[in-house]
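Going by the UniProt record's numbering, the letters in the sequence shown line up with residues 1 to 234, in that order.
We put the CB at the ideal spot given by N, CA and C, even for glycine.
Everything numeric in this text was worked out from a predicted model, so none of it was measured.
Here is the structure we will look at, set down as structure tokens.
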Amino acid sequence: MMVRIFPYGAIQFMAFDKYKKMIKKKIKHSEHVPRLMAGSMAGITAVIFTYPLDMVRARLAFQVKGEHRYNGIIHAFKTIYLKEGGIRGYYRGLVPTIVGMAPYAGFSFFTFETLKTAGLRHAPELLGKPSSDNPDVMVLKTHASLLCGGIAGAIAQSISYPLDVTRRRMQLSAILPDSDKCRTMFQTLKYVCMQHGIRRGLYRGLSLNYIRCIPSQAVAFTTYEFMRQVLHLN
């Protein structure tokens, strides 16, 4: 759903830069802690601002052929507001989403920044090049940025996937028959584990998610690095 992707990405990467600068002023003895904390905080910030769009996307995507519970984005927003408790209905499943997004975004940014630093430090001629906006600063070449971004996405997705499953199950709880068993994050985790087990329940579809996550994160981080040069942020 493109309506969500653009604001989510913009908010997340902007917030990461702001949070990292802010945290570095407080924690000067470590490079790793600011990366992890800033990434987690950026992910949480982006989720809070765009979660209603994610909720609507999940509802529209779940509709089976021939079912017309929602006729479009506007109708879905209106229906959820009127039938599921107003604004509160848009944020069903927000807690597990935040709990899952914190490690996902944190490890995603942390892994990318760590790989980037290591690559430029140990193999600058192979992986790096001077930034177009500041020749004194080295940045990753495109292929290296794509590789680091893909690895970051895979690691982050593996860590946070069970909570992502929980989030989606809670988002759909209002339109599924067993909604009373999935009211909270812990209830949902327990129910999914008891019904399907850990591997088939909490990690079901992970391999397919890699197909989406790895290239999307690779492109996202590469675009982020490119735009930093375009906007003269190096």
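* **G205 in three-state terms, based on DSSP** => Here G205 carries a coil assignment [DSSP, helix/strand/coil].
* To do: Write down the C-beta distance between G153 and S216 rounded to the nearest angstrom, noting that I regard them as a contact closer than 8 angstroms.
  => Sure, about 7 angstroms apart at Cβ, within 8 angstroms.
* Can you have a look at R168 and say buried or exposed, based on whether 16 or more other CB atoms are within 10 angstroms of its CB? => R168 counts as buried, since no fewer than 16 other beta carbons sit within 10 angstroms of its beta carbon.
* **L140 - containing beta strand (DSSP E), residue span** => Here the beta strand (DSSP E) through L140 covers 138–140.
* Asked: From this set, L115, L140, T117, which residue's C-alpha is nearest L127's C-alpha?
  -> For the residues L115, L140, T117, the minimum Cα distance to L127 belongs to L140.
* With 16 other CB atoms within 10 Å as the buried threshold, where does R92 fall? -> Flag for R92 reads buried.
* Asked: Residue range of the beta strand (DSSP E) that G128 falls in?
  -> Looking at the DSSP string, the run of the beta strand (DSSP E) that includes G128 is 128–130.
* Return the Cβ separation of M37 and I23 in integer angstroms, given the expectation that the two are a contact with Cβ distance under 8 angstroms. => With a Cβ gap of about 5 angstroms, M37 and I23 count as contacting.
* How would you label G16, buried or exposed, when you count the other beta carbons within 10 angstroms and need 16 or more for buried? -> Looking at the sequence itself, residue 16 is Phe, so the reference to Gly does not match. So F16 ends up on the buried side.
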